[in-house]
Structures are given as C-alpha cells and as structure tokens.
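**Student:** Numbering-wise, my numbering puts 351 at position 96 of the sequence shown, and it's gapless, one number per residue.
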Amino acid sequence: MFTILGLLIVIGAVIGGYLMEHGQLMVLMQPAELVIIGGTALGAALISNPIYVITKALSNILKCFTPDHYNKKVYLETLKMLFAVFSLGRKQGDQALEAEVENPAGGSTFSTYPAFVKDKASLNYVCDTLRMSLMGGSAHDLDELMEVDAESQQEESAQPVSALQSVADALPGFGIVAAVLGVVITMGALGGPPEEIGHKVAAALVGTFLGILLCYGVVGPFATRLGMLNHGHHEYLMCLRSAVIAYVKGTSPLMAVEHGRRSIPLRIRPGFSDLESACKGGGAPAEAAAAAGAGK
C-alpha cells in the first residue's frame, strides 16, 4: 500500500508542480525518449547480469506492493512450530524427530504449518540442521553451518538488488543520451520556424528529466525496498538459527524458542506471555503424540 502511495506522491508532486507553473502536460509525452531510455537500460541490464538475476529482480518488484511478510504473527507461528518440533524430539526421541525432518510435508508437526513448508529455503535451513544434529554434529559446527547458509542466501538475494540499483544509477546517463540525440535532431532543424525548434529542444530536455525522475523517484527506491525485504528474511533466518542451535545444545524446547524470540527485532517481537500461551497450545499435539507413542 505504501509503495503505491509513494509512487502516487512522486508522480503527483512532479506533475502537480509542473501544472501549477502552467506547463503543457503533452510536452512531457515523448514516447521516443522512453524507448531510448528504457531500451538502453534493458540492454545494459542483460549485458551485465545473468538471466536468472533479471527474472528474479522483476518478480521481486511485485513483492514491493505486498505487506511485509515477516510480521509479529508470522514470527509467533514460527516459534510455536519450532516448540512443537523440539517437544516432539524431547518426548519421543531422535527417531521421531528424524522421521519428521525427513518428510516435513507428510509429518505430524510441520504439515500443520503449510506456510512454512512452502518456504523451502527456511524449511531446509531448519531440517538440514536438525538432520546433521541427529547424525552427531556438534552445536558449534552446526552454528557455523547455519551462518554460512544464511550468508549464502543473503548474497544470492542481494544480486537482484544490485542489478536494479545499477540500472537506477545508469538512468540519468541514458537520459542524457536521449537528450543529446534530441539536440542533434534540433541542430538539423536550425533555420526552421522557432516553434519547431522550441518543440524539439523541449523534447530533448524531457529525456534528461525522465532519466533523473526514473532513477531517484522509481527504480532507486524499488531497489532500496527490495534490500529491506531481503534484510527482513535474513532476520528471520537468524531467529531460526538461534532457536535451533539452542535446542541442539540441550536446552528445553521453551528455552530454545525463547532464544529465537530474543533475536527478533523489537518492533515485531512477540511478548513472552504471547509466546508462552502459543507454545502451550502449539506443543499440545506433539506432547499428545509423544504420550501415545510412549503408551505403545
């Protein structure tokens, strides 16, 4: 919502101020300038980036129009899920936990959290670490593995942001290219009617205007926004890492998820009472399954 509002403010401020000075709106409508600027920007992006980075950048732009995914509710559900998984391991033992991490979608715990199961990167981040823990990995080594994994994901997610920012930085230059071409056309019209020369000069200046506006008012802010979204995902991984490593070290399930809660930024961190209430409900299925398994 705020992305759309921001775009409207940018466009409204520019167009509104222009009209307040009695400018002619149709003068700004220069399709040829847009073709030059947009085409050169696209071509430069294709030259400097692999196609998967381009497609990822385009798909990520759509995320800018959606609310932040990692909010207080998502974090609370994640901690509740982790508590259920950890309780399963503590109550039923390593075999039950191994069965859960080997088939998360078909297990009794992860399957009740379909949103997390669909997030393959986060799911594998947790399950692969727990799997290595069951194979005898030490908490120190697993902590390093999770750090390397998180850094790798962060570097990969930064590539589309860098590509978009590079395009933004180049747009003023491409606007100047369009303006220079417009001046070349204007020079060819010297000796003609003053109105015609004035129109061509105005069209040339629009190229510079569009390049600067698209850089600082549209593409640049989108790149910054994507960077913030990626940072939010990294914070989420750090929460998972803190909780999982605490569990691997042998702490109780509630203490493990408390480690995760403390790593959440304050603006969206659930309160301890919220976590305790959620875990008491979230851990019930795992505890019931553990009791049933013990009865057998």
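We put the CB at the ideal spot given by N, CA and C, even for glycine.
For M483, which option in D323, N379, L263, V372 has the closest C-alpha, if you only look at C-alpha atoms?
**Tutor:** D323
**Student:** Within the chosen definition, does the stretch 393–412 reach the stretch 439–446 through at least 3 CB pairs nearer than 8 Å?
**Tutor:** Because the criterion of three Cβ pairs below 8 Å is not met, the stretch 393–412 and the stretch 439–446 do not touch.
**Student:** Quick check: the Cα distance between G313 and A478, rounded to an integer number of angstroms?
**Tutor:** Looking at the sequence provided, one finds Leu at residue 313 rather than Gly. Taking the straight line joining both Cα atoms gives about 11 Å.
**Student:** If I follow the unbroken alpha helix (DSSP H) through V503, where does it start and stop?
**Tutor:** 475–503
**Student:** To the nearest angstrom, report how far apart R524 and A459 are at their CA atoms.
**Tutor:** Using only the alpha carbons, I get a separation of about 52 Å.
**Student:** Taking all protein chains shown into account, do 16 or more other C-beta atoms lie within 10 angstroms of the C-beta of L280, making it buried, or fewer, making it exposed?
**Tutor:** exposed
**Student:** Can you tell me whether S393 is buried or exposed? The criterion is at least 16 other CB atoms within 10 Å of its CB, across all chains shown.
**Tutor:** Exposed is the label assigned to S393, since fewer than 16 other Cβ atoms lie within 10 Å of its Cβ.
**Student:** Leaving aside the five residues before and after R345 along the sequence, list all residues of the same chain whose C-beta is less than 7 Å from its C-beta, in chain order.
**Tutor:** P508
**Student:** State the DSSP-derived secondary structure class of N304, mapped to helix, strand or coil.
**Tutor:** coil
**Student:** So is V435 buried or exposed if we call it buried at 16+ other beta carbons inside 10 Å?
**Tutor:** exposed
**Student:** Should the stretch 288–300 be regarded as contacting the stretch 414–434, the criterion being three or more beta carbon pairs within less than 8 Å?
**Tutor:** yes
**Student:** Apply the 10 Å Cβ neighbour rule to P359 and answer buried if 16 or more other Cβ atoms are within range, or exposed otherwise.
**Tutor:** buried
**Student:** What separation, rounded to the nearest whole angstrom, lies between the Cα atoms of G348 and A354?
**Tutor:** The alpha-carbon atoms of G348 and A354 are separated by roughly 10 Å.
**Student:** Specify the secondary structure class of N555 as computed by DSSP and reduced to three states.
**Tutor:** This structure leaves residue 555 out entirely; the chain is present only between 256 and 551.
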